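Participant: To start, I am sharing the structure in question, which I have written as C-alpha cells.
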Amino acid sequence: MSGAWLQLAVFLLVLFAAAWPLGRAIEAVMDGRFALGQRIEAPLYRLAGVAPDEDQPWTRYALGLLVFNGLGLLAVYALQRLQPELPLNPQHWPAVAPDSALNTAVSFVTNTNWQGYGGETTMSRLTQMLGLAVQNFLSAATGIAVAVALARGFARRSAGGIGNVWADLTRATLWILLPLSLLAALFFVSQGVVQTFAADTTLVTVEGRQQTLALGPVASQEAIKLLGTNGGGYFNANSAHPFENPTPLANAVQMVAILLIPAALCFAFGRLVGDARQGRALLAAMTLLFVVAVVAITQAETAGNPLLPGLGVDTLPSALQAGGSMEGKEVRFGLNASTLFAAVTTAASCGAVNTMHDSLTPLGGAVPLVLMQLGEVVFGGVGSGLYGMLVFALLAVFIAGLMIGRTPEYLGKKIEAHEMKLVSITILVTPLLVLGGSALAVSVEPGRAGILNPGAHGFSEVLYALASAANNNGSAFAGLSANTPFYNLMLAVAMWLGRFGVIVPVLALAGALAAKPRLAVTRGTLPTHGALFVALLVGIVLLVGLLNYVPALALGPVAEHLALWAR
2 MSGAWLQLAV
12 FLLVLFAAAW
22 PLGRAIEAVM
32 DGRFALGQRI
42 EAPLYRLAGV
52 APDEDQPWTR
62 YALGLLVFNG
72 LGLLAVYALQ
82 RLQPELPLNP
92 QHWPAVAPDS
102 ALNTAVSFVT
112 NTNWQGYGGE
122 TTMSRLTQML
132 GLAVQNFLSA
142 ATGIAVAVAL
152 ARGFARRSAG
162 GIGNVWADLT
172 RATLWILLPL
182 SLLAALFFVS
192 QGVVQTFAAD
202 TTLVTVEGRQ
212 QTLALGPVAS
222 QEAIKLLGTN
232 GGGYFNANSA
242 HPFENPTPLA
252 NAVQMVAILL
262 IPAALCFAFG
272 RLVGDARQGR
282 ALLAAMTLLF
292 VVAVVAITQA
302 ETAGNPLLPG
312 LGVDTLPSAL
322 QAGGSMEGKE
332 VRFGLNASTL
342 FAAVTTAASC
352 GAVNTMHDSL
362 TPLGGAVPLV
372 LMQLGEVVFG
382 GVGSGLYGML
392 VFALLAVFIA
402 GLMIGRTPEY
412 LGKKIEAHEM
422 KLVSITILVT
432 PLLVLGGSAL
442 AVSVEPGRAG
452 ILNPGAHGFS
462 EVLYALASAA
472 NNNGSAFAGL
482 SANTPFYNLM
492 LAVAMWLGRF
502 GVIVPVLALA
512 GALAAKPRLA
522 VTRGTLPTHG
532 ALFVALLVGI
542 VLLVGLLNYV
552 PALALGPVAE
562 HLALWAR
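The working numbering numbers the first residue of the sequence shown as 2 and each following residue consecutively.
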C-alpha cells in the first residue's frame with residue numbers, strides 16, 4: 002500500500018506545481034491582458050461583428066451560450082447523419098441512428114462525452130475530428146467562460162454586466178485550450194499514441210487469425226479529451242486502449258492533464274477576486290475530498306473479493322501478481338494506477354477510463370459514483386468544478402450566518418434570499434434528474450430491458466448511468482445496454498438539463514452578485530480562507546450529497562457489499 006500513497010503524493014505535487022503558473026496565465030488571458038492575443042483576436046471579432054469590450058448582462062451572456070451550444074448540437078447531429086455522403090470515411094461507415102446521433106451530439110456539446118457506441122466502428126474520421134474533437138474544445142471553453150463570469154460577479158462592484166461571452170469563449174479556446182492541447186498531443190505521439198490518416202491495418206495474430214487494427218488522428222483528440230475533461234475516446238476501450246494510452250508515463254500524464262485546468266482555475270479565481278487565499282481554500286477542500294476518495298477506492302480494491310480466498314484463489318501481492326481485485330483492470334498499469342485513474346476521472350467530470358468500472362468491488366465502485374453525486378465539485382470539469390464549488394461555498398456561508406445571527410457574506414457580497422434561491426435551484430437540478438431518471442428506468446419495461454445484471458448491481462448500473470449523464474461525467478459501469486431509444490433519449494435530456502439547468506442559474510447568480518456593492522471586511526466577517534472554512538465547506542458538500550443520495554446508494558453499492566459478505 003505504501004506505493005499507492007507515494008504515487009498519490011507525487012501526483013498531487015506535480016499537479017500543483019503545474020497548476021499554479023497555469024492559473025496565473027489563465028487569469029491574465031481571461032482578464033484581457035494578453036497583448037499579443039488581443040492583436041490576433043481583433044480581426045476575428047471584426048469578421049464576426051463582435052465588440053469584445055461590450056459588457057453584457059447575465060441574460061445576454063446566458064442566451065449567447067445557449068444559442069452557441071445549440072448550434073453546435075445541430076452541427077454534430079448533422080455530421081453523424083450525413084457521414085456516408087461526406088469525405089474522410091474510408092471504412093464507409095453508415096449514418097448513425099437518429100436516437101444515437103442525438104445522444105452523442107448532446108453528450109459532446111455538454112462536456113459529458115457519454116458514448117453508447119464504439120468509436121472506431123461507428124464514426125468516420127471527419128465526424129471524429131470536425132464534430133467530436135471540435136466540441137471537446139468548445140464545451141470546455143463554455144465551462145471556463147461560466148466560471149470566469151461568476152468570478153467577475155464576486156469581483157465587481159455595482160456592475161450591470163459579467164463580461165462578453167464571445168470574447169471569453171474565444172480567449173479560452175485560442176490561448177488556453179489550443180496551446181496546451183498541442184503540447185499534449187506532441188507528447189502523446191512521442192509515447193506511441195496514433196496520429197495518422199493511413200488506412201486501417203490488417204495483420205495475422207499468433208493464433209493465425211486476421212485482426213484489423215483501427216487507426217486515425219487519435220493523439221489530437223486524446224489531448225483535448227483529457228485537458229478539457231471531456232473523456233470521449235477515439236476507441237471504444239478508451240484509455241485502456243494501447244493506441245490511446247500506450248505507456249505508464251502516458252498514463253501518469255493523462256491523469257495530471259485531467260485535473261490540470263480545474264486546479265489551475267482555483268488559483269486563477271483567487272487572482273480574479275483579488276485574494277489568492279480564497280482560491281487556495283477552494284483547492285484545499287477539493288484536495289481533501291479527493292484524497293479521501295483515493296484512499297477509499299484503493300483500500301477496497303486491494304482487499305479484493307472476499308469470496309475468492311475461500312475458493313483457494315491467491316489474491317495476495319507477490320512477484321508474479323499485483324494482488325487485490327485485478328478483474329477489469331489494465332495489467333500494464335496495475336491496481337494502484339487504475340484506482341487512482343478511476344478517482345481522477347470521476348472527480349473531474351472527465352469520463353475517460355483505463356479500467357472497467359463495472360468490475361470494481363461494491364465499495365470500490367461506490368467511490369466514483371459518490372464523487373459524481375457530490376455534484377462533480379471535487380476538482381470537477383473544466384470550469385464547472387469551480388463554479389459548482391462556489392455554489393457550495395455560498396451555501397456554507399449562509400448556514401454559518403444563520404448560526405451566528407448575521408447576514409452571510411462571501412468575498413464582500415451579502416448573500417440574501419434571491420441568491421439562496423438560485424443556489425438551491427443549482428444544487429437540486431442534478432439530484433432530481435438522477436433520482437427521477439433512475440426511478441423511471443427501473444419502473445418501465447424499456448428501462449428494465451437494458452439491465453443485464455440482476456439485483457442490486459443492476460440498479461447500481463442504472464444509477465451510475467444517470468449520475469454520469471446528469472453530472473456531465475460520461476463514464477459508465479458499462480453493464481447496461483444503454484444504446485437503445487429509451488436510454489439514448491432519457492440520458493440526452495439528463496445531460497442537457499444537467500449542464501444548462503445549472504449554467505443558467507449560475508450566470509443569474511453572477512449577475513446578481515455583480516450588481517451588489519462590495520462590503521468592507523469587519524470583525525464580524527466570517528473568514529473564508531482558513532482551515533475552519535475549508536472544514537465547513539467539505540462538511541456541506543458531504544452533507545448535501547448524503548441527504549440527496551443515501552437511499553439510492555443503500556439500494557445499490559451498499560446492498561451489493563452486504564450481499565457479497567453474506568455469501
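Where is the CB? At the ideal position from N, CA and C, for every residue including glycine. Keep in mind it's a predicted model, so treat the numbers as computed, not measured.
Which partner residues of E410 appear in the DSSP bridge assignment?
Facilitator: If you number the sequence shown from 1, residue 410 lands on position 409. DSSP output for E410 lists K415 as bridge partner(s).
Participant: Is the CB-CB distance between A394 and L538 below 7 Å?
Facilitator: Numbered from 1 along the sequence shown, position 393 holds the residue referred to as residue 394. Numbered from 1 along the sequence shown, position 537 holds the residue referred to as residue 538. Cβ distance < 7 Å, so A394 and L538 count as in contact.
Participant: Would you mind giving the Cβ-Cβ distance between Q84 and L127, rounded to the nearest angstrom? I have them listed as a contact below 8 Å.
Facilitator: Residue numbering aside, residue 84 sits at position 83 when the sequence shown is read from its first letter. Residue numbering aside, residue 127 sits at position 126 when the sequence shown is read from its first letter. About 7 Å separates the two Cβ atoms, so the contact holds.
Participant: For my contact list, M491 and T111 are in at a C-beta cut-off of 8 Å; report their separation, rounded to the angstrom.
Facilitator: On the sequence shown, position 490 is the one that residue 491 refers to. On the sequence shown, position 110 is the one that residue 111 refers to. In fact, because the Cβ distance is near 14 Å, the residues do not count as touching under 8 Å.
Participant: Looking only at its chain, what residues have a beta carbon closer than 6 Å to the beta carbon of R278, apart from the 5 residues adjacent to it on each side?
Facilitator: For the purposes of this step, residue 278 is identified with residue 277 of the sequence shown, where counting begins at 1. These residues qualify, in order along the chain: H530.
Participant: List the residues that DSSP assigns as beta-bridge partners of P218.
Facilitator: Along the sequence shown, one-based indexing puts residue 218 at 217. Q196.
Participant: Since I225 contacts N137 with CB under 8 Å, what's their CB separation in whole angstroms?
Facilitator: Counted from its first residue, the sequence shown places residue 225 at position 224. Counted from its first residue, the sequence shown places residue 137 at position 136. Between N137 and I225 the Cβ distance is about 4 Å, and since that is below 8 Å, they are a contact.
Participant: DSSP three-state call for K330: helix, strand or coil?
Facilitator: For the purposes of this step, residue 330 is taken as residue 329 along the sequence shown, with counting starting at 1. Here K330 sits in strand by DSSP.
Participant: With hydrogens ignored, establish whether the beta-carbon of L7 is closer than 6 Å to any heavy atom of the ligand PLP.
Facilitator: Summarising the ligand content, the structure contains no ligands, and the ligand PLP is consequently not present.
Participant: Could you check whether N246 and N237 sit closer than 7 Å to each other, using their CB atoms as the reference points?
Facilitator: For the purposes of this step, residue 237 is identified with residue 236 of the sequence shown, where counting begins at 1. For the purposes of this step, residue 246 is identified with residue 245 of the sequence shown, where counting begins at 1. No, they are not a contact pair.
Participant: What are the start and end residues of the beta strand (DSSP E) that includes L312?
Facilitator: Translated into positions along the sequence shown, residue 312 becomes position 311. Counting along the chain, L312 falls outside any beta strand (DSSP E), and DSSP gives it neither H nor E.
Participant: In whole angstroms, what is the alpha-carbon distance linking V163 and I27?
Facilitator: On the sequence shown, position 162 is the one that residue 163 refers to. On the sequence shown, position 26 is the one that residue 27 refers to. Strictly speaking, residue 163 in this sequence is Ile, with Val absent from that position. Distance between the alpha carbons of I163 and I27: 17 Å.
Participant: Taking just the CA atoms, how far does Y62 sit from A20?
Facilitator: Locating residue 20 in the sequence shown gives position 19, where the first residue counts as 1. Locating residue 62 in the sequence shown gives position 61, where the first residue counts as 1. Computed Cα separation, rounded: 28 Å.
Participant: Going by alpha carbons, who is nearest to S339 out of L364, A152, Y235, E302?
Facilitator: Against the sequence shown, residue 339 aligns to sequence position 338. Of the candidates L364, A152, Y235, E302, the one whose C-alpha sits nearest the C-alpha of S339 is E302.
Participant: Run through DSSP, which three-state label would V522 get?
Facilitator: Taking the first residue of the sequence shown as 1, we reach residue 522 at position 521. Coil at V522, not helix or strand.
Participant: Could you compute how far the alpha carbon of S240 sits from the alpha carbon of P249?
Facilitator: To locate residue 240, count along the sequence shown from 1; it is residue 239. To locate residue 249, count along the sequence shown from 1; it is residue 248. Taking the straight line joining both Cα atoms gives about 11 Å.
Participant: Do you know how far the Cα of E446 is from the Cα of P455?
Facilitator: Working through the sequence shown from its first residue, we reach residue 455 at position 454. Working through the sequence shown from its first residue, we reach residue 446 at position 445. One C-alpha to the other measures close to 15 Å.
Participant: Between V293 and S3, what straight-line distance do the alpha-carbon atoms span, to the nearest angstrom?
Facilitator: Residue 293 sits at position 292 when you count from the first residue of the sequence shown. Residue 3 sits at position 2 when you count from the first residue of the sequence shown. Rounded to whole angstroms, V293 to S3 spans 16 Å at the Cα level.
Participant: To which residues of the same chain is G217 closer than 8 Å at the C-beta, ignoring the five residues directly before and after it?
Facilitator: Indexing the sequence shown from 1 puts residue 217 at position 216. So the qualifying residues of the chain are E121, R126, Q129, V195, T197, F198, Y235.
Participant: Please give me, in chain order, every unbroken run of the alpha helix (DSSP H) with length at least 4 that falls completely inside the region 21-57.
Facilitator: Here the runs fully enclosed are 36-49.
Participant: According to the neighbour-count rule (16 or more other Cβ atoms, all chains shown, within 10 Å of its Cβ), is A370 buried or exposed?
Facilitator: The residue labelled residue 370 in the question sits at position 369 within the sequence shown. Per the sequence presented here, residue 370 reads as Leu, with Ala not at that position. Residue burial annotation: L370 is buried, with at least 16 other C-beta atoms found within 10 angstroms of its C-beta.
Participant: Please state if the CB of G389 and the CB of G381 are separated by a distance shorter than 7 Å.
Facilitator: Translated into the one-based positions of the sequence shown, residue 381 becomes position 380. Translated into the one-based positions of the sequence shown, residue 389 becomes position 388. Yes; because the gap between Cβ atoms is below 7 Å, this pair is in contact.
Participant: Is the region 35-42 touching the region 271-290 in the sense that three or more CB pairs, one from each, lie closer than 8 Å?
Facilitator: no
Participant: Mapping the DSSP letters down to three states, classify V575 as helix, strand or coil.
Facilitator: For residue 575 there is no data in the structure shown, the boundaries of the chain being 2 and 568.
Participant: Compute the beta-carbon to beta-carbon distance between L16 and A264, rounded to the nearest angstrom, for a pair I have assumed lies under 8 Å.
Facilitator: By one-based count along the sequence shown, residue 16 stands at place 15. By one-based count along the sequence shown, residue 264 stands at place 263. Sure, about 6 Å apart at Cβ, within 8 Å.
Participant: Select from P310, V190, L387 the residue whose C-alpha is nearest the C-alpha of A285.
Facilitator: Here residue 285 refers to the residue found at position 284 when the sequence shown is read from its first residue. Per the Cα distances, L387.
Participant: With a 10 Å radius around its C-beta and 16 neighbouring C-beta atoms as the bar for buried, classify E420 as buried or exposed.
Facilitator: Within the sequence shown, residue 420 is the residue found at index 419, counting from 1. The residue in question, E420, is buried, as its Cβ has 16 or more Cβ neighbours within 10 Å.
Participant: Using three-state DSSP, classify T356 as helix, strand or coil.
Facilitator: Locating residue 356 in the sequence shown gives position 355, where the first residue counts as 1. T356: strand per DSSP, three-state reduction.
Participant: Hey, L309 and A457 are a contact pair by Cβ (cut 8 Å); roughly how many whole angstroms apart?
Facilitator: For this step, residue 309 is matched to residue 308 along the sequence shown. For this step, residue 457 is matched to residue 456 along the sequence shown. Not a contact, Cβ separation roughly 19 Å.
Participant: Classify P541 as buried or exposed, calling it buried when 16 or more other Cβ atoms lie within 10 Å of its own Cβ.
Facilitator: As a first step, residue 541 is located in the sequence shown; it is residue number 540 there, counting from the start. Looking at the sequence provided, one finds Ile at residue 541 rather than Pro. Buried.
Participant: Less than 6 Å between C-beta atoms, sequence neighbours within five positions excluded: which residues of the same chain meet that for Y465?
Facilitator: Here residue 465 is taken as the residue at index 464 of the sequence shown, counted from 1. If we look at Y465 and ignore the five residues flanking it on each side, its Cβ neighbours are L370, F478.
Participant: Skipping 5 residues on each side, what residues in its chain have a beta carbon closer than 8 Å to that of A521?
Facilitator: Counting from 1 along the sequence shown, the entry for residue 521 is found at position 520. For A521, where only same-chain residues beyond five positions count, the Cβ hits under 8 Å are G413.
Participant: Applying the 10 Å Cβ sphere with the 16-neighbour rule, what's the burial state of L1?
Facilitator: Given a span of 2 to 568 for the chain in the structure shown, any question on residue 1 remains unanswerable.
Participant: Give me whichever residues DSSP pairs with T202 in a beta bridge.
Facilitator: For the purposes of this step, residue 202 is taken as residue 201 along the sequence shown, with counting starting at 1. For T202, which the question treats as bridged, DSSP gives the partners L214.
Participant: For the alpha helix (DSSP H) containing C351, list its first residue and its last residue.
Facilitator: As a working mapping, residue 351 is identified with position 350 in the sequence shown. From DSSP, C351 is part of no alpha helix (DSSP H); its letter is neither H nor E.
Participant: Under a three-way DSSP split, which group does L317 fall into?
Facilitator: Your numbering for residue 317 matches position 316 in the sequence shown. Coil, per DSSP.
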